[in-house]
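A.B. asks: Sequence positions in the sequence shown follow our numbering and run 44 to 320. In this text, a Cβ means the ideal position worked out from N, Cα and C, and glycines have one as well. Quick one: the structure is below, and I'll ask about it shortly.
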Amino acid sequence: MPLARTADLVADAYRSGTGVLAFNVITLEYAEAIVAGAEKANRPVILQLSENAVKFHHGRLAPIAAATTAVATAAAIPASVHLDHIEAEKLLHAGAEAGISSAMFDAAKLDYAANVAATKVAAEWAHQRGMFLEAELGEVGGKDGAHAPGVRTDPAEAAAFVAATGVDALAVAVGSSHAMSERTASLDFDLIAQLRSAVPVPLVLHGSSGVADEELRKAVSAGITKINIGTLLNVQFTAAVRDYLASDDTVTDPRKYLAPARNAIADAVTAVLGAID
Ligand SMILES: [Zn+2]
C-alpha cells in the first residue's frame with residue numbers, strides 16, 4: 044500500500060478518539076518487526092527515526108530512511124515514517140528530502156521564549172513543504188538523565204504555545220519518563236483531560252515504554268492521541284539476543300539471534316496495539 048502520511052494517521056485517531064502508536068526504529072530489523080506486529084494486529088502504525096538513531100547510522104539519515112520508508116510502503120496496513128526528537132534543523136531538512144511526512148522538533152531544552160521562537164520557525168518551514176510538525180512543551184524527563192519524571196505541562200501555557208508556534212501536535216509531560224525499562228509510571232489523567240480541552244491539536248505521550256497497557260488505554264480515553272514507544276522494543280530485542288547467545292556459545296550466523304529478536308519486537312508491537320484498542 045502507498046506510504047501513509049503521519050498527518051492522516053494522527054487525524055483519523057484524533058477524530059475517532061482512538062490512539063495511534065509510533066515505534067522507534069534503530070535498525071532494519073526493527074522496521075520489519077514493527078510492520079509485522081502491526082499487520083498481525085491489523086492496525087496502522089508510525090515508524091519513527093530519532094536523531095539519536097541517525098547518529099548511530101554515522102549521522103546519515105538517507106540510508107536508514109530509505110530502508111524504513113520501503114518497509115512502510117510494502118506494509119499491508121497504513122504505515123508512515125516520522126522523525127523523532129530532532130534538534131538539528133538540517134536533519135529536518137534532510138527528512139523532507141527523504142520524503143518523510145512528519146517530524147517532532149525538540150526545542151524543549153530551551154527556555155519558553157526560545158522554544159517558541161525556534162519551534163515557530165521549524166513549523167513554518169515544515170508547513171511550506173507539506174510536513175506535519177510535532178513539538179514538546181515541559182520536557183519529558185529521562186533523556187540524558189536531565190530531568191526527573193516530576194515535570195508537568197501547564198494547560199494554559201500549552202494552549203499559548205500551540206497558538207504562538209502553529210504546531211500540529213504537542214508532546215506533553217504528564218508523568219511518563221523516557222528510557223524506563225519497567226512499566227511502572229503512573230500518569231496524571233486529570234491533567235491529560237485538562238490539556239485535551241485546552242489545546243486544539245492532538246496530544247502526544249512520550250516515554251510510553253514505562254507505562255503499563257491499562258494506563259495507556261486510560262491515557263487514550265483521557266485525550267492522548269499519539270503514543271511513542273522505543274525502549275520497550277529495545278528491552279525485548281536485547282533479551283531475545285541474550286537468551287539465544289546464552290543457549291549457544293558457538294553461533295556465528297547473526298540471523299540465528301536476530302530472527303528471534305525481531306519476532307520478540309513484533310510480538311510486543313501486536314500486544315501494545317491490541318491493548319489500546
Ligand atoms: Zn520522546
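1) Suppose you measure from the CA of I215 to the CA of A283; what does that come to, to the nearest Å?
2) Put L153 into one of helix, strand or coil per three-state DSSP.
3) Near Y73, what residues of its chain come up, given a Cβ to Cβ distance below 7 Å and the 5 sequence neighbours on each side ignored?
4) Between V97, A84 and L64, which has its C-alpha nearest T70's C-alpha?
5) CB-CB under 7 Å to L234, same chain, minus the five flanking residues each way: which ones, in chain order?
6) Does DSSP classify N85 as helix, strand or coil?
7) If you reduce the DSSP assignment to three classes, tell me which class V124 lands in.
8) Would you kindly work out how many angstroms separate the C-alpha atoms of G250 and M223, rounded to a whole number?
9) Terminal residues of the continuous alpha helix (DSSP H) containing I319?
10) Shorter than 7 Å, the distance from the beta carbon of N158 to the closest heavy atom of ligand 1, or not?
11) Whole angstroms are fine: how far does the CA of E177 sit from the CA of V242?
12) How many whole angstroms separate the CB atoms of A65 and H125, which I take to be in contact at a CB cut-off of 8 Å?
13) What does the Cβ neighbour count give for K269, buried or exposed, with the cut at 16 atoms within 10 Å?
14) Taking DSSP's pairing of strands, which residues face F175 in a bridge?
15) Please determine, among T162, A122, L301 and D292, the residue with the shortest C-alpha to C-alpha distance to K152.
16) Where V294 and N95 are concerned, what is the direct C-alpha to C-alpha distance, given to the nearest angstrom?
17) Mind checking who L92 pairs with in its DSSP beta bridge?
18) How would you write the range of the beta strand (DSSP E) that V63 sits in, first residue to last?
19) Give the list of continuous beta strand (DSSP E) stretches no shorter than 3 residues that lie fully inside the segment 213-248.
20) Who pairs with L180 in a beta bridge, going by DSSP?
21) Of the residues A318, I143 and G209, which one's Cα is nearest the Cα of L46?
22) For G250, verify whether its CB is less than 7 Å away from any heavy atom of ligand 1.
23) How would you write the range of the beta strand (DSSP E) that D268 sits in, first residue to last?
24) If you drop the 5 nearest sequence neighbours on each side, which residues of the same chain put their C-beta closer than 6 Å to that of E82?
25) Helix, strand or coil for D286? Go by DSSP, reduced to three states.
26) The alpha helix (DSSP H) with R58 in it runs from where to where?
27) What are the boundary residues of the alpha helix (DSSP H) that includes P198?
28) Run the CB neighbour count on Q171, radius 10 Å, all protein chains shown included, and call it buried at 16 or more, exposed below.
C.D. replies: Looking at the atomic coordinates:
1) Translated into the one-based positions of the sequence shown, residue 215 becomes position 172. Translated into the one-based positions of the sequence shown, residue 283 becomes position 240. Strictly speaking, residue 215 in this sequence is Val, with Ile absent from that position. In a straight line, the C-alpha of V215 is about 32 Å away from that of A283.
2) Within the sequence shown, residue 153 is the residue found at index 110, counting from 1. Of the three classes helix, strand and coil, the one that applies to L153 here is coil, per DSSP.
3) To locate residue 73, count along the sequence shown from 1; it is residue 30. Around Y73: L276 and I308.
4) Residue 70 sits at position 27 when you count from the first residue of the sequence shown. Ranking V97, A84 and L64 by Cα distance to T70 puts V97 first.
5) Position 191 of the sequence shown, counted from the first residue, corresponds to residue 234. Excluding residues within five positions, the ones whose Cβ falls inside 7 Å are R195 and V217.
6) Stepping through the sequence shown from its first residue, residue 85 is reached at position 42. In this structure, N85 counts as coil in the three-state DSSP scheme.
7) Here the question's residue 124 lines up with position 81 in the sequence shown. The three-state reading of DSSP puts V124 in strand, counting E and B together.
8) Mapped onto the sequence shown, residue 250 falls at position 207. Mapped onto the sequence shown, residue 223 falls at position 180. Spanning the two alpha carbons is a distance of roughly 7 Å.
9) By 1-based counting over the sequence shown, the position of residue 319 is 276. From DSSP, I319 is part of no alpha helix (DSSP H); its letter is neither H nor E.
10) One-based indexing of the sequence shown puts residue 158 at position 115. Result no, Cβ not under 7 Å from ligand 1.
11) Mapped onto the sequence shown, residue 242 falls at position 199. Mapped onto the sequence shown, residue 177 falls at position 134. Looking at the two C-alpha atoms, the distance is approximately 13 Å.
12) Here residue 65 refers to the residue found at position 22 when the sequence shown is read from its first residue. Here residue 125 refers to the residue found at position 82 when the sequence shown is read from its first residue. That belief holds up - the Cβ atoms of A65 and H125 are roughly 6 Å apart, short of 8 Å.
13) To locate residue 269, count along the sequence shown from 1; it is residue 226. Counting of Cβ neighbours within 10 angstroms places K269 among the buried residues, the total reaching 16 or more.
14) Here residue 175 refers to the residue found at position 132 of the sequence shown. Partner(s): S145.
15) For the purposes of this step, residue 152 is identified with residue 109 of the sequence shown, where counting begins at 1. Residue T162 is the option with its Cα nearest to K152.
16) Counted from its first residue, the sequence shown places residue 294 at position 251. Counted from its first residue, the sequence shown places residue 95 at position 52. The straight-line gap from Cα to Cα measures roughly 30 Å.
17) In the sequence shown, the residue the question calls residue 92 occupies position 49. Looking at the DSSP assignment, L92 forms a beta bridge with L126.
18) Here the question's residue 63 lines up with position 20 in the sequence shown. Unbroken beta strand (DSSP E) run through V63: V63 to N67.
19) 246-248
20) For the purposes of this step, residue 180 is identified with residue 137 of the sequence shown, where counting begins at 1. The partner list for L180 (beta bridge, DSSP) reads V215.
21) Counted from its first residue, the sequence shown places residue 46 at position 3. Taking only the C-alpha atoms, the option nearest L46 is I143.
22) Your numbering for residue 250 matches position 207 in the sequence shown. Flag set: Cβ of G250 near ligand 1.
23) By 1-based counting over the sequence shown, the position of residue 268 is 225. The sequence given here places Thr at residue 268; Asp does not occur at that position. From DSSP, the beta strand (DSSP E) with T268 extends over I267 to I272.
24) Within the sequence shown, numbered from 1, the residue matching residue 82 stands at position 39. Counting only Cβ-Cβ distances below 6 Å, and skipping sequence neighbours, we find A119 and I120.
25) As a position in the sequence shown, residue 286 is number 243, starting the count at 1. Looking at D286 - three-state DSSP - the assignment turns out to be helix.
26) Here residue 58 is taken as the residue at index 15 of the sequence shown, counted from 1. It spans T49 to S59 - the alpha helix (DSSP H) in which R58 sits, taken as one unbroken run.
27) Mapped onto the sequence shown, residue 198 falls at position 155. First-last of the alpha helix (DSSP H) with P198: P198 to T208.
28) The residue you call residue 171 lines up with position 128 of the sequence shown. That one is exposed.
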